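A short worksheet on the structure shown next.
2 protein chains.
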Amino acid sequence: MKYFVGIDGGGTKTHCVIANQNKEFLFECFGGPSNFIMIGTQVVSETLLSLLKQCAETLNIGFEDIESVVLGTTGAGRRTDAETLEKDFIEYCKSKNITINHFYVISDALAALEGAFSGKPGSILIAGTGSIMFGKDSQGSIHRVGGFGRFIGDEGSGYSLGKKGLTAVARAFDGRGNETKLALKLQTMYNINSLDDLITLIYKKNFDIASFGKVVIDTANEGDLVSRYILIDEVEELTLHIKSMYAKLQTREMKLVFIGSLLTNWNIYSNALQDKIITEYPNVKVVRPELNPAQGALIVGMEQRGFLN
Amino acid sequence: MKYFVGIDGGGTKTHCVIANQNKEFLFECFGGPSNFIMIGTQVVSETLLSLLKQCAETLNIGFEDIESVVLGTTGAGRRTDAETLEKDFIEYCKSKNITINHFYVISDALAALEGAFSGKPGSILIAGTGSIMFGKDSQGSIHRVGGFGRFIGDEGSGYSLGKKGLTAVARAFDGRGNETKLALKLQTMYNINSLDDLITLIYKKNFDIASFGKVVIDTANEGDLVSRYILIDEVEELTLHIKSMYAKLQTREMKLVFIGSLLTNWNIYSNALQDKIITEYPNVKVVRPELNPAQGALIVGMEQRGFLN
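What follows is the structure in structure tokens.
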């Protein structure tokens, strides 16, 4: 019997799952962060090997029984960075006299996409701090829409919502825009009483603009019109992503999974997006993910090793 | 006879003028940069004293004949920073056994405003890398609109135009937006052939986004519709600044001087703004500045010392 390991490596924790070649998930465990661009490949290698050891011991198997290990993580979008971690981990294992049959590093988004549809075609829309959309067509090709970062992209993300909310406060302050309850929220939450306070908060105190996106959603929910107009614009932006992806996948019906804190929890924003999709895009079906990202990484490994039918 | 010195301190050069108490401008000279936040108060003090010496020697007067020296410069918007430079320069002069009667540091925008209208009421709209508007009412109070920086402000600036142009290219790349000649411009000017190239340019190569604003203006001039729509939106943003300032100044007719590279040179953008003002805001009169910013700083000194009637 062959075994497969899938790992979802995040900024705060790492989730590891193991299954046999019949796709029976047998065990899962968790470790520290694995954003290797930030904390280096050495620390991440230690975490990964410790997780693999837990899997092997629990199932009472050897490392040679594990056909492949696939890690989905942030910072792996660039192939050269992913290869650095692949090489360093294999060498780290060798230094411990352990041989890993196959180790692949993929992006966290790809792991999420492959998990959401168990390797079958579909699409995911991610809206957290940033935003991006990924899709897999019937030929197995991966497509991407958006994800151009905070300066020229991230439409519909927490960063974009937060930035528009703060801009709205600035416009209200000097009479260019309508009054908004967001000003009061800023005042009470961050003790902002003047233009200078606001500018100091944004530019000198490393303010987490994306976190203010949630405040915009809450304030819209309380009836503030300025916040509601921001949400309407941003729902439109996310819809543009969906529309563009639908055209790329060349399918009749496109399955869509929401990912990221702004969309997976019910709120006025995710609800407005769902409403818009239902009424205007009947060929797009919002569904729940079949598997989690760690399981998605595992599926990628089975596919690459020819064990997925 | 008393003499007054006005200095306009920029990031690349410093412009110094001297006049007598009858407001007769007698001499001007130039020195290196005076952005003291960047290069420190010591270097700036050396530059300033060298300019004052040139003035005194040319006019054959002593430092005691100079009633006041006023420097308008960037970074002086915060009073505490301005006071640091005031204190350091006076001490530097003392160390050379030179006494300066009065030395004030003001913001470059205030110097420009006071120069534009020789100390009388009026308004200036600045659009260069960033954007901001200043106005002086009939009571002598200074008002401000905009200037919230690149994250939550700078509407209508080169940065804003450039960002919108680059965002438009990103949207065109993945099918969310219409095609634009801006993509071709990026390709030929910066060798951008893919999404990854674009993202690398923006986030890893410290790309000067504001400089791309001029490209957007040029491309609009060549007939590109996407670029033209960006200009229409940004003219609207600048108009909002003007509208808000007009309400603040509580005057019937508001004089307005354009400042900054985007507006002072003729182009399709400044022309569109002028057209809009003429047709929609007949009480706003776009005029040329009466004096330059160095002269404006000098005027502030005369006013503060009670020599301006």
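Residue numbers (the numbering used here), protein chains in the order written: chain B, 1215 to 1523; chain V, 1215 to 1523.
Cβ coordinates follow ideal geometry from the N, Cα and C atoms, glycine included.
Since we're looking at a predicted model, the values are computed, not measured.
9 Å Cβ cut-off: residues of chain B touching residue i
i          : result
Arg1390(V) : Val1359, Gly1360, Glu1369, Glu1451, Leu1454, His1455, Lys1457, Ser1458
Phe1462(V) : Checking the displayed sequence, the identity of residue 1462(V) turns out to be Lys instead of Phe. Chain B residues near Lys1462(V): Asp1388, Gly1389.
Coarse secondary structure for residue i, derived from DSSP in three states
i          : result
Met1459(V) : helix
Met1252(B) : helix
Ile1513(V) : helix
Met1215(B) : coil
Thr1287(B) : strand
Leu1522(B) : coil
Glu1281(B) : strand
Thr1228(B) : strand
Glu1242(B) : strand
Ser1321(V) : strand
Ile1314(V) : coil
Ile1406(V) : coil
Ile1221(B) : strand
Status (buried if at least 16 other CB within 10 Å, exposed otherwise) for residue i
i          : result
Leu1240(V) : exposed
Ala1341(V) : buried
Asn1542(V) : Since the first residue of chain V shown is 1215 and the last is 1523, residue 1542(V) is not available in this structure.
Met1403(V) : exposed
Ile1446(B) : exposed
Gly1474(B) : buried
Gly1286(V) : buried
Pro1503(B) : buried
Ser1374(B) : buried
Met1459(V) : buried
Gly1223(B) : buried
Asp1388(B) : buried
Pro1507(B) : buried
Ile1492(B) : exposed
Ser1337(B) : buried
Leu1487(V) : buried
Thr1547(V) : Because chain V is modelled from 1215 through 1523, residue 1547(V) falls outside the range shown and cannot be assessed.
Glu1448(B) : buried
Partners in chain V for residue i, counting only beta-carbon separations shorter than 8 Å
i          : result
Tyr1417(B) : Gly1363, Phe1365
Lys1377(B) : Phe1365, Ile1366
Chain V residues whose Cβ lies nearer than 7 Å to that of residue i
i          : result
Ile1406(B) : Within 7 Å Cβ-Cβ: nothing; Ile1406(B) doesn't reach chain V, min ~12 Å.
Ile1413(B) : Phe1362, Gly1363
Ala1296(B) : What Ala1296(B) touches in chain V: nothing, since even the nearest Cβ is about 14 Å away.
Ala1384(B) : Phe1362, Ile1366, Gly1367
Per-residue contacts from residue i into chain V (C-beta, under 9 Å)
i          : result
Thr1381(B) : Phe1362, Phe1365, Ile1366, Gly1367, Glu1369
Ile1338(B) : Here the premise fails: no neighbours, minimum Cβ distance about 15 Å.
Option in the options with minimal Cα separation from residue i
i          : options                                        : result
Ser1321(B) : Leu1439(B), Thr1402(B), Ser1248(B)             : Ser1248(B)
Ser1355(V) : Pro1335(V), Asn1407(V), Thr1433(V)             : Pro1335(V)
Phe1426(B) : Gly1427(V), Ile1366(V), Leu1324(V)             : Ile1366(V)
Glu1297(V) : Asp1489(V), Tyr1318(V), Phe1421(V), Ile1280(V) : Tyr1318(V)
Gly1372(V) : Met1459(V), Leu1452(V), Ser1408(V)             : Leu1452(V)
Lys1227(B) : Glu1238(B), Asn1407(B), Val1257(B)             : Val1257(B)
Asn1274(B) : Tyr1483(B), Lys1216(B), Leu1327(B)             : Lys1216(B)
Glu1300(B) : His1316(B), Lys1310(B), Gly1389(B), Asn1311(B) : His1316(B)
Met1468(B) : Ala1486(B), Met1347(B), Ile1221(B), Val1283(B) : Met1347(B)
Gly1245(B) : Ile1221(B), Gln1235(B), Asn1311(B), Gly1254(B) : Ile1221(B)
Asp1432(V) : Leu1463(V), Leu1400(V), Lys1490(V), Leu1415(V) : Leu1400(V)
Gln1353(B) : Val1284(B), Leu1463(B), Ala1384(B)             : Leu1463(B)
Glu1369(B) : His1455(V), Lys1378(V), Glu1369(V), Asp1368(V) : Lys1378(V)
Ile1314(V) : Ile1280(V), Leu1380(V), Phe1331(V)             : Ile1280(V)
Met1305(B) : Asn1234(B), Val1498(B), Ser1484(B), Leu1262(B) : With the sequence shown as reference, residue 1305(B) is identified as Glu, and Met is not the correct amino acid for it. The option with the nearest alpha carbon to Glu1305(B) is Leu1262(B).
Pro1496(V) : Thr1414(V), Arg1466(V), Asn1479(V)             : Arg1466(V)
Glu1238(B) : Arg1519(B), Leu1505(B), Ala1330(B), Gln1518(B) : Leu1505(B)
Arg1364(B) : Asp1410(B), Glu1260(B), Cys1269(B), Ser1345(B) : Ser1345(B)
Glu1260(V) : Ile1251(V), Cys1307(V), Glu1242(V)             : Cys1307(V)
Leu1327(V) : Leu1522(V), Arg1519(V), Gln1518(V), Ile1513(V) : Ile1513(V)
Leu1522(B) : Ser1332(B), Leu1439(B), Val1231(B), Ala1325(B) : Ser1332(B)
Asn1311(V) : Val1440(V), Gly1276(V), Leu1409(V)             : Gly1276(V)
Arg1390(B) : Val1359(V), Ile1413(V), Asn1407(V), Gln1518(V) : Val1359(V)
Residue-chain proximity (residue i, chain A), Cβ-Cβ < 8 Å
i          : result
Ile1423(B) : Annotation note: the requested chain A is absent from the structure, which comprises protein chains B and V.
Alpha helix (DSSP H) runs contained entirely in the region 1417 to 1504 of chain B, provided each spans 4 or more residues: 1425 to 1435, 1439 to 1463, 1475 to 1478, 1482 to 1494
Continuous beta strand (DSSP E) assignments of at least 3 residues falling wholly in the region 1333 to 1393 of chain V: 1336 to 1341, 1345 to 1350, 1356 to 1360
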